[in-house]
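To start, the structure itself, in structure tokens.
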Amino acid sequence: MAGIIGSIGAFDELIEPWTAYTERFGYFVAANSIDEEKTVPTFLSVMGAKTFNLLRSLIQPDKPGDKTYDVIVQTLARHFSPQPLIIAERFRFHKRNQEEGESVNMFVATMKRLAEHCEFKESLSEVIRDRLVCGLRSEAIQKRLLTEKALTLDRAVEISVSKGHIERACKSKRITNNKREPQPPKRVWKKKGVYNVEYQNDSSGDSSSSDDRRVHILTIKGGSQGYSVTPLLEGQPTHMEIDTGAAVSIVSDRIYNKALKHLPLKKSNILLKTYTGETVPVSGIVEVGVKLNKQTATLPLYIVQGNYPSLCGRAWLEKMRFDWSTIFMISKAEPGLTTVLEKYAEVFKDELGSMKNIMTKLDLKSGSKPRFMKARAVPYALRPKVEAELKSLVESGVLEPVSVSEWATPIVPVIKKNGSIRICGDFKVTVNPVLEVEQYPLPLIEDLFAGLAGGKKFSKIDLSQAYLQMHVAEQSRKQLTINTHKGLYRYFRLPFGITSAPSLFQRAMDQVLSGLSGVQCYLDDILVTGKTEEEHLRNLEATLQRLKEYGLRVRKAKCEFFKSSVEYLGHVIDAQGLHKAPSKVRAITGAPAPQNVSQLRSYLGLLNYYGKFIPNLASMLKPLHQLLCQDKVWKWTAQCDQVFAQTKEALVKSEALIHFDPSLPLQLACDASPYGIGAVVSHILANGEERPIAFASRSLNKAESNYAQIEREALGIVFGIRKFHQYLFGRKFTLLTDHRPLTTIFGPHTGIPSLAASRMQRWALILSAHTYDIKYRKSELHSNADGLSRLPLPDTHVMSKQADIFYFQQVDGTPITCTQVKRQSRNDPVLSKMIDVVVSGRKVESLAELKPYLSRMNELSVQAGCLLWGQRVIIPPNLREALLQQLHSGHCGMVRMKELARSYFWWPGLDGHIEDRVKSCGSCQSVRNTPQLAPLHPWDWPEEAWQRIHIDFAGPFEERMLLVAIDAHSKWPEVAIMRSTTAQKTIEKLAEMFSRFGFPEQLVSDNGPQFVSADLAKFLERHGIQHIRSAPYHPATNGLAERFIQSMKHSLKASQGQGSLHQRLHAFLLSYRNVPHGTTKESPSTLLMKRRLRTSFDLLKPPKIKSVVWREQQAQIQRRQKTARDEVFCPGDPVMARNYTSGAKWVPGTIIAQTGPVSYTVQTAEDRVWKRHTDQLLQGTATPVLSSPGGCPQPVPQLPTEVPTTISVPAQIPQSATIALDPVSPMAESMSSPSTPVPLPGNPGVSSPKEVTVRRYPVREHRPPNRLKY
């Protein structure tokens, strides 16, 4: 046999992807000329045991050998290489830039690899070319490429590679020249006061211990702008600029002496230099406690000498999470305003305010009863975050834990966009339905504008977490109890979602701001103005003073000061007065022209919806109507464009639009299309007319376009709620949608769906703060919102640049070189001493720290200033942590790390440090192999039968599921064949089993959806059954049921084709129940029923107890004879028969015939024939016939002379078997001898019937058999 060419090896996904492995296997098959019929066996043989077992699990119940090669490859490909999301792959592709030290060729190769699943198709080369130009680090190369005409990918690579070589050569030459001719640093003063402190990587072998870093310093001289934050340093607010170019964070010694002097100042060897060569003097370093955005950490802070600004560098950015949406640009402000804001900095603190002297109370409707709702299940992944948020709310005084409460509202944990949790009570199902809504009126728009008249500039103040700043009276707190998986908690503050909250908060704010001039408040928005800037500033200071007195806090990021105009409630307010806000009709005026018939039809529907308010609309739309004709080719002409603009202007200027009026009912209509969303807020007039107030629309972004239709419709509703918040908040309105399921999900009295997607929960929470009725409206009647969603405004939403800000490069992660080892070894007292000992050969005192090295003294050497043990470099302590991190970067495991380290370096205790690093790595621990099995802990054997049962489902098997129940005492199995495995059907089958054997004490199951359902829990609790569930994904806990299912499946599979599933299952169960079990050594039937089940094999045994049974039966007959009613009826006798139908209990009838010793056929008066037992008959109106001593019925003297013929049986037949036959009965006719009357003794005139002896059974005839004759 010829040898095998090449080696394929087992598949390992850590080494290569599945596609590469199958490609290599194809070459292996071709190289060895493997036949097609042997391809599958060869593939299964070489793929390895791990992959083979995985394949078996994926294709169960089929066998791998029965599948084709293509099916096997596709099955495993779906597992190892699931189809990636195109948008995610393209995101990674476009975010990739050239890294430091990466060549152009490597960058292009990486881009080609990232584009594998992006489906760029024919445009692949152009996209990679564009990404190459945009992602290059060198601006000079980028400029060169941008000047090239008809630039191709190959040409771009060629230019980039050649330019890169030139730049590196020039840089190398500059470095050489600088070494030969060192130039003194020159101080360069820039106009904006910019200093750059340079990070210098010294590779010259200098033994200096200083560590050089680069810090990018920006001062605020000359009006420069930058991003800033104000963290708390040791509890003191400190203004710091964010500088991603700075490696460390610094403050001046002035700030240190003012706020941080209590911290010990440690010496630092760090050397800070500017790009111009200046040295920034460093006083030292302190470990300072930093608090920002509810985060607390102890971080290093460098103290520098001089008037330098405070900088927040990369070291802090890596440890703290910044809320970039609240970071604002430093801009030039009015001197007076700055002074006022600094004076009232307490009002702008990042903390929860506490309203003083005002408490709110909730009034309930009379007769309302408390509602206690059980806690909803919280996913295990969210429980730590929910518990942390509950702890934070308790510490901040918002919640308090309680043990008992009549009220309990379930919570819905909503995930914010930053990953944190917001806890919300679902008060729609508890408090809100029984709450007396506060009737305090919200301010009228006319009153608001009247109070702002005459103002020149305007300031807008936004309260932070407005409702939670209000305290709730003690008697109302019990209604605000929430139920969590950690127990009951009670609100001290007014929570989000209470119906009366807007009115309660408005009344409180009116009380807070009463008496202030030039100030108007609408819920949590405060407007301040003045006729002059001085008056404006005084009013603003008075407002901030009042807020400070009442303990309120303001969100500074959302405040606006000294603006020339502000938009409020659909109006623009400026020095000239009130104006209609352009945003109200921007959705109409800015709507793009229709691009197809569908969009045009939607736009015409919008116009027709308000057509009665637009004069001459039909004639105006004639050119557009012509485009809807079927025989008309779509062509948007200049005339169509003109008509389109005219109709938009006519709608905006028509009488349809009205101003907002708080006294009129509000209506919000929302709709969504595959590419846009639209909303219209309207008033309903007294005559029923619908008049729009404002329109809104926008296009969907890429992520929103991928939403499901129900999510797009929900997004349209939330868009309308947010867009028209000032109109809707605090007022009841009607919400219209053409998507019927949302009327249930977002119903005002429907609980927030706890199992819905996170965005749906957030949206449901937003709606819970409003009072509304949601209604369904057909799409044909929903054309106003539909038209806006089909022609949406372009999306101008500015995406957060948080990801871009954090994409800075790690300059500290450079690999360790021999130069650093040499320098640090000289600085380390132990290694420097050992180097001297090895070089000089002198003896040294055997100290404890030198013992690990002295024991290897004969193997130590010094090379280029580094200490070596054999061929392994001994690493100084300062570099060990970084080297361990570099060694563990591939997460290759403890053994491979040790093997790799033993080839390159060493230090005392290296193996232990490697083990500690792997054990402390969360990523490595999360993918560890399954631990060794724990010691076997069997179940206790119950002493009684049917005390504990184990249940489980098996299947699907032949399109059915099998419910298995095993008695732990006897091992008796019960199996129910089911087509539906719902909880209700499972309960029915269990109840059927329990009706035969009784209720067990314990029931053991896994965590299937049927077994963890509330219905099954109630069923078991009702019957006093303890439910024990196994650990998830641990079937061995329920091993009794699992092992039986394995045996049952084997039997049913082996018997396929030998009968129906029921027949085969019954045969298996009969055999299993009669065979001694391997554990008990007794058959299940013996332990459960105390007997063996009879089978066909019992026919082989002679009868043993038949005679005993016969004797017992005879004894029963004798005992019954003592009290029995020995009454015989003859044909023709009148009787009263038992009636089991409707009517009287006993009905008259006549005996027709005797069908047995004690059975008769009776004919009723209604000519109905019944079969009755003697016990079901009574004597009729005539004298009954009594049994004579001889067994023949004897008539009494009152009987007529004609009596029916009687037949007496032989003497050996018991008297009770004597029967009377009617002459016309079939039995009488079968008698060959006619009856002869015999005079009765003492009754000469009466004839006695002739007695005929008959057999109970026919006489057996003995005939010879008919034999075949040949």
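Per our numbering, residue 254 is the first one in the sequence shown, and the count goes up by one each step. Even glycine gets a Cβ: it sits at the ideal position worked out from N, Cα and C. All of these numbers come straight from a predicted model, not from anything done at the bench.
| Check | Outcome |
| --- | --- |
| For the alpha helix (DSSP H) holding LEU877, just list the boundary residues, first then last. | 875-879 |
| Rounded to whole angstroms, what is the Cα-Cα separation between SER1233 and MET1214? | 8 Å |
| Figure out for me which residue from VAL725, LYS985, THR549, TRP1199 has the closest Cα to the Cα of LEU917. | LYS985 |
| Tell me the rounded alpha-carbon separation between ARG1079 and LEU267. | 41 Å |
| Which runs of the alpha helix (DSSP H) at least 4 residues long sit entirely within the stretch 708-773? Give them in chain order. | 754-765 |
| On a Cα-Cα basis, can you pick out the residue from ALA967, GLY941, LYS955 that is closest to ALA932? | ALA967 |
| Do the stretch 765-776 and the stretch 747-754 touch if we need at least three Cβ pairs shorter than 8 Å? | no |
| For the pair the stretch 395-403 and the stretch 364-379, tell me if three or more CB-CB distances fall below 8 Å. | no |
| Can you name the start and end residues of the alpha helix (DSSP H) that SER1338 belongs to? | 1337-1342 |
| Pull up the distance between the alpha-carbon of LEU874 and that of VAL896, whole angstroms please. | 7 Å |
| Looking at C-beta atoms only, is the number of pairs between the stretch 724-742 and the stretch 793-800 that lie closer than 8 Å three or more? | no |
| Looking at LYS1075 and GLY1123, is the spacing between their C-beta atoms short of 7 Å? | no |
| Beta-carbon within less than 8 Å of GLU487's beta-carbon, same chain only, minus the 5 sequence neighbours each way: which residues are those? | ALA512, LEU513, HIS515, LEU516, VAL541, GLY542 |
| Can you give me the start and stop residues for the alpha helix (DSSP H) that PHE281 sits inside? | 271-284 |
| Roughly how many angstroms lie between the CA atoms of THR292 and LEU311, to the nearest whole one? | 20 Å |
| Assign PRO1082 to buried or exposed, taking buried as 16 or more other Cβ atoms, counted over all protein chains shown, within 10 Å of its Cβ. | exposed |
| Just to confirm, are THR737 and ARG743 a CB contact at a threshold of 7 Å? | no |
| Mapping DSSP to helix, strand and coil, what is VAL639? | helix |
| Could you round the C-beta distance between PHE296 and TYR322 to whole angstroms and report it? I think they count as a contact, below 8 Å. | 6 Å |
| Would you decide whether GLY1257 is buried or exposed? Buried here means 16 or more other CB atoms lie within 10 Å of its CB. | Sequence check: residue 1257 is Val here, not Gly. Flag for VAL1257 reads buried. |
| For the beta strand (DSSP E) holding GLY537, just list the boundary residues, first then last. | 535-545 |
| Give me the DSSP bridge partner(s) of PRO663. | ASN736 |
| Check each candidate in PHE281, TRP271, GLU269, PRO270 and name the one with the smallest Cα separation from ILE261. | PHE281 |
| Counting only runs of 4+ residues fully inside the stretch 1220-1302, write out the alpha helix (DSSP H) ranges in chain order. | 1236-1250, 1267-1275 |
| Within 10 Å of its beta-carbon, does ASN1291 have 16 or more other beta-carbons around it, so buried, or fewer, so exposed? | buried |
| Would you call the CB atoms of PRO1191 and HIS1222 closer than 7 Å? | no |
| When DSSP labels each residue in this structure, what does THR532 get in the three-state scheme? | strand |
| Less than 7 Å between the beta carbons of VAL1115 and VAL1097, yes or no? | no |
| Excluding the 5 residues flanking ILE1404 on each side, which residues of the same chain have their C-beta closer than 7 Å to its C-beta? | PHE1382, CYS1383, PRO1384, GLY1385, ASP1386, VAL1388, TYR1413, VAL1415 |
| Suppose you measure from the CA of PRO654 to the CA of SER1266; what does that come to, to the nearest Å? | 29 Å |
| Give the DSSP-derived three-state secondary structure of CYS1174 in the structure shown. | coil |
| Starting from the N-terminal side, write out each stretch of the alpha helix (DSSP H) that is 4 residues or longer and does not extend beyond the stretch 1349-1387. | 1359-1374 |
| DSSP has THR549 in a bridge; who is on the other side? | LYS544 |
| Rounding to the nearest angstrom, what Cα-Cα distance links VAL631 and MET1301 in this structure? | 38 Å |
| Quick one: using the 10 Å Cβ neighbour count with 16 as the cut-off for buried, is GLY678 buried or exposed? | buried |
| Is it buried or exposed, TYR1106, if we count other Cβ atoms within 10 angstroms and call 16 or more buried? | buried |
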